[in-house]
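Numbering (numbering that gives the first Met the number 0), first residue to last: 0 to 176.
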Amino acid sequence: MDTTVITVSGPPGSGTTTVARMLAEKTEFRHVNMGDIFRELAEEHRMELNHFERYCEEHPEIDREIDKKQEEILRRGDVVMEGRLSGWIAHLRGIRALKVWLECDEQEAVRRIIEREGGEEPERRKETMERMESERRRYRKFYGIDTEDRSIYDLVIDTTSIPPEKVVETILQHLKA
């Protein structure tokens, strides 16, 4: 595949950040994390992330602003774009990209989140599930996107028991094919 755009999407704890960073390093593309941009917007609005997620359910202009930024960056190329909707944005806007979805067993994902951010299992699981449900509602309401639909992705990889290096190797092999 001859492309200079790779999108990496997946639920929290699936390894998107680790894999996207490693891919950017290997390809010498820049790494853009849309989750970081979303978190910055939450801070600008002086809201906790989970409250900002719910706020966004009633304020589609925030997602539209993020989408516009994503599209601009994707069109420039030479990028590994990490974000829950990055693959969908590339797909819907007709941007040539290798679209990757990472998935992971829920228990392992929560374990990774706790390892990265701290906290206790019951609270982290609840926060993660609430966040994913909020995103599901927003994406269906504003875009008509079913986040469970993997048909637009070129690669779907279960990262539950695969080290990130192997995931990156698989993606790079597909990129060269």
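Positions of the beta carbon are idealized from the N, C-alpha and C atoms, including for glycine. The structure presented is a predicted model; accordingly, all values stated were derived computationally and were not measured.
| Which of the three DSSP states, helix, strand or coil, is assigned to E122? | helix
| task | Flag this pair as touching only if the segment 100-110 and the segment 150-164 have three or more C-beta atom pairs under 8 Å; answer yes or no. | result | yes
| message | Restricting to Cα atoms, I'd like to know which of A96, E47, I61, I94 is closest to Y138. | response | I61
| request: Could you pull out every residue in the same chain whose Cβ sits closer than 8 Å to the Cβ of R130, ignoring the five residues on either side in sequence? | output: P11, L48, N49, E52
| query | Exposed or buried, which one is R83 when buried takes at least 16 other CB atoms within 10 Å? | reply | buried
| What is the C-beta distance between V78 and V18, in whole angstroms, given that I count them as a contact (C-beta under 8 Å)? | About 14 Å; that fails the 8 Å criterion.
| request: Just the C-alpha distance for A41 and E64, rounded to the nearest angstrom, thanks. | output: 13 Å
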